[in-house]
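Enquirer: So that we are looking at the same thing, I have put the structure below in structure tokens.
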Amino acid sequence: MLIRSKKDWELPESVVTAEDRYRRRNRRDFLKHLGVGTAGALLGGHSLFGASGGFPSSANPAYLPGDLKVTPYDLITSYNNFYEFGLGKDEPKVNANMGWMSEPWTVEIGGQVRNPLKLDVNELIKKVGGIEQRVYRHRCVEAWSMVVPWDGFALSKLVALADPKPEAKFLQMTTFFDPKNVPGQRTNNLDWPYLEGLRLDEANNELSFIATGIYGRPIPNQNGAPLRLVVPWKYGFKGVKSIVKFDFTTRQPRNTWQVMAPQEYGFYANVNPKVDHPRWSQATERVIGSGFFAGKQDTLMFNGYEKQVASLYGGLDLRRNY
Ligand code: MTE
1 MLIRSKKDWE LPESVVTAED RYRRRNRRDF LKHLGVGTAG ALLGGHSLFG ASGGFPSSAN
61 PAYLPGDLKV TPYDLITSYN NFYEFGLGKD EPKVNANMGW MSEPWTVEIG GQVRNPLKLD
121 VNELIKKVGG IEQRVYRHRC VEAWSMVVPW DGFALSKLVA LADPKPEAKF LQMTTFFDPK
181 NVPGQRTNNL DWPYLEGLRL DEANNELSFI ATGIYGRPIP NQNGAPLRLV VPWKYGFKGV
241 KSIVKFDFTT RQPRNTWQVM APQEYGFYAN VNPKVDHPRW SQATERVIGS GFFAGKQDTL
301 MFNGYEKQVA SLYGGLDLRR NY
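If you count the sequence shown from 1, position 164 lands on 164 in this note's numbering, and the numbers rise without skipping.
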């Protein structure tokens, strides 16, 4: 992005462990893979079988890994962009776990809706009918990629719960603002709080997802606990983390990276191998965890989700609306 951080080939080899055995096609295998027996287990202090966060989740058969090689848990949770907790990829894992609390967590849903709400995140998860697992490609605008098994719920369920008025055309989502406890927010590295937006029809697309977990476990702070946006056909920066507010608006919101560098980042941010970033190519991507020499692959239009989303952009010039 704007600020270059440590090169990823500096990742210690120890974290690049093969976890390609993760290709499970049903939930029992999925849990077994995590080392979880049928009686339940404690992972990182969270019970997979507790009521909190809606776990355990069940796999959505439409989003099984298939041929995708799922990135190891250790990499997904140690190679992060979360500027609130530092600019280096390895910093959020450390800094987001030094006393900053993502629990309890209140979420506000408002703007042009018939059903404004202010509620605890676990209450929200209950109201949208619980969570499911989906394996998605994850492509950062910096030209690296992963494959992540998310847990969470379809964003369309939150939209339905809010019951938007006809004048609502966009959904703006905002990260917490807590400069006292969060070091990055005491700097001017970004325009805080981080915010992102979608057109309402994008928010209602079947792929748009609110993640509350990874690998069947509550989502770690560094990945955006307790809830973050996942829109896999767009560059990763659209995936706003640790959301406190969902605001239904009549006007297109200004998203943080567009505010920071409008000549480089737009509102749409659809993955597009034919439209290069002004400073680098977007034709290929480095697959995180695939080793030093291997690991470049061609980037796919809409990150491989063309079938699900191309119809959203009929008539839109994707070179201008990047
Ligand atoms: N959300 C907030 N609040 N702050 C951030 O710095 N970084 C974005 C996005 N969401 C960011 C954020 C970027 S650039 C990317 S690529 C993804 O989060 C990274 O998500 P990950 O760390 O789970 O891979």
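For glycine and all other residues, C-beta sits at the position ideal for the given N, C-alpha and C.
(1) Between which two residues does the alpha helix (DSSP H) containing Glu264 stretch?
(2) If Asn303 sits next to Arg137, beta carbons under 8 angstroms apart, how far is it from one beta carbon to the other, in whole angstroms?
(3) Rounded to the nearest angstrom, what separates Lys126 and Val147 at their Cα positions?
(4) In angstroms with no decimal places, state the Cα-to-Cα distance between Val267 and Val275.
(5) Could you give the DSSP three-state label for Ile125: helix, strand or coil?
(6) Look at the alpha carbon of Tyr22 and the alpha carbon of Glu167, and state the distance between them as a whole number of angstroms.
(7) How about the stretch 81-88 and the stretch 175-186: do they share at least three Cβ pairs that are nearer than 8 angstroms?
(8) Indicate whether Thr256 and Glu196 have their beta-carbon atoms separated by less than 8 angstroms.
(9) Using only CA atoms, which one of Thr299, His277, Pro278 and Arg279 lies nearest to Arg286?
(10) Please work out which residues of its chain come closer than 8 angstroms, Cβ to Cβ, to Thr249, disregarding the five sequence neighbours upstream and downstream, and give them in chain order.
(11) Under 8 angstroms by Cβ, that's how I've got Ser242 and Arg228 pegged, so tell me the actual separation to the nearest angstrom.
(12) Hey, Glu141 and Gly236: beta-carbon distance below 8 angstroms or not?
(13) Under three-state DSSP, which class holds Gly289?
(14) Shortest alpha-carbon distance to Leu318 belongs to which of Asp90, Val271 and Pro218?
(15) Please confirm whether any heavy atom of the ligand MTE lies closer than 7 angstroms to the CB of Tyr194.
(16) Would you identify the three-state DSSP class for Gln297, choosing helix, strand or coil?
(17) From what residue to what residue does the alpha helix (DSSP H) around Pro92 run?
(18) Within the stretch 134-174, note down every full beta strand (DSSP E) run reaching 3 residues or more, in order along the chain.
(19) Could you check what DSSP says for Leu183 in three-state terms: helix, strand or coil?
(20) Less than 8 angstroms between C-beta atoms, sequence neighbours within five positions excluded: which residues of the same chain meet that for Asn204?
(21) Where does Ser311 fall in DSSP's three states?
(22) Between Asn81 and the ligand MTE, is the CB less than 7 angstroms from at least one heavy atom?
(23) Helix, strand or coil, according to DSSP, for Ile243 in the structure here?
(24) Determine which residues share a DSSP beta bridge with Trp280 and list them.
Expert: Let's see:
(1) It is not in any alpha helix (DSSP H) - Glu264 carries neither H nor E in the DSSP assignment.
(2) 5 angstroms
(3) 27 angstroms
(4) Here the sequence assigns Phe to residue 267, which means Val is not the residue at that position. Distance between the alpha carbons of Phe267 and Val275 is about 14 angstroms.
(5) helix
(6) Residue placement at Tyr22 cannot be trusted, given a pLDDT of 35 that sits under 50; the coordinates are not used to answer.
(7) The stretch 81-88 is in contact with the stretch 175-186.
(8) yes
(9) Thr299
(10) Gly111, Gln112, Ala168, Lys169, Phe170, Leu171, Gln172 and Gly197
(11) 6 angstroms
(12) It is worth fixing the name first, because residue 141 is Val in this sequence and not Glu. Cβ distance < 8 angstroms, so Val141 and Gly236 count as in contact.
(13) Gly289 carries a coil assignment under DSSP once its states are collapsed to helix, strand and coil.
(14) Val271
(15) yes
(16) strand
(17) Glu91 to Asn95
(18) 144-154
(19) According to the sequence displayed, residue 183 carries Pro and not Leu. In the structure shown, Pro183 sits in a helix (DSSP, three-state: H, G or I).
(20) Contacts found: Leu155, Ser156 and Val159.
(21) helix
(22) Yes, the ligand MTE has a heavy atom inside 7 angstroms of this Cβ.
(23) strand
(24) His277
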